[in-house]
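Asker: Can you keep this structure in mind? I'll have questions shortly.
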Amino acid sequence: MGLFDSLTGALGQGGGGLFGSLLGGPLAGALAGNLPERLSGILATSPYGDINGLLERFREAGLGPQVDSWLSAGANLPLSTEEIMAAIDPDTMSALATAIGLPAQMLPNLMAQYLPLVVDKLSPAGVLELPQR
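For the record, in the sequence shown the residue sitting at position 120 is 205 according to the working numbering, with numbers rising by one throughout.
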């Protein structure tokens, strides 16, 4: 069973499992089902195209050390809500929140809390394991 199957199972079991417990509450409900495919679909409609594009946007905003820490072994450097809001323009943030099914004002905080963890878990060998299209 691949990583994406594990993620799907974790959120698809009513929020149980690793990601269900880590991403509980509004995010688990909004993304319940298949996390990698949902994220890929949501980001495909954004200016970033996919999670790699989103991570590149963070690098362009001066957050390369944080992104690199999520992709490598070791501790994940945190990202603040303010850094998220500075990196992603308000219109894109609103569109992403709408696609996920959350109020726009919630998304920067949730991204700051969970994006480092999600990227870390999607890159166990330092390379993102993305779903095949």
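Backbone N, C-alpha and C define an ideal beta-carbon position, used for all residues, glycine too.
Excluding the five sequence neighbours on either side, which residues of its own chain have a C-beta within less than 7 angstroms of the C-beta of Ala171, listed in chain order?
Answerer: The residues are Ala146.
Asker: Quick check on Ala115: buried or exposed, where buried means 16 or more other Cβ atoms within 10 Å of its Cβ?
Answerer: With a pLDDT of 46 at Ala115, under the threshold of 50, the predicted position of this residue should be treated as unreliable, though the coordinate-derived value follows. Buried: at least 16 other Cβ atoms inside 10 Å.
Asker: Within 8 angstroms, do at least three Cβ pairs link the segment 162-182 to the segment 129-147?
Answerer: As far as the Cβ criterion goes, the segment 129-147 touches the segment 162-182, which means the pair count is three or higher.
Asker: Output the distance between the C-alpha atoms of Leu128 and Ala158, rounded to the nearest integer angstrom.
Answerer: Computed Cα separation, rounded: 25 angstroms.
Asker: Please report whether the beta-carbon of Asp176 lies at a distance below 9 angstroms from any beta-carbon of chain B.
Answerer: Checking the listed chains, one finds no chain B in this structure; it contains a single protein chain.
Asker: Looking at the structure shown, is Asn137 part of a helix, part of a strand, or coil, going by DSSP?
Answerer: In this structure, Asn137 counts as helix in the three-state DSSP scheme.
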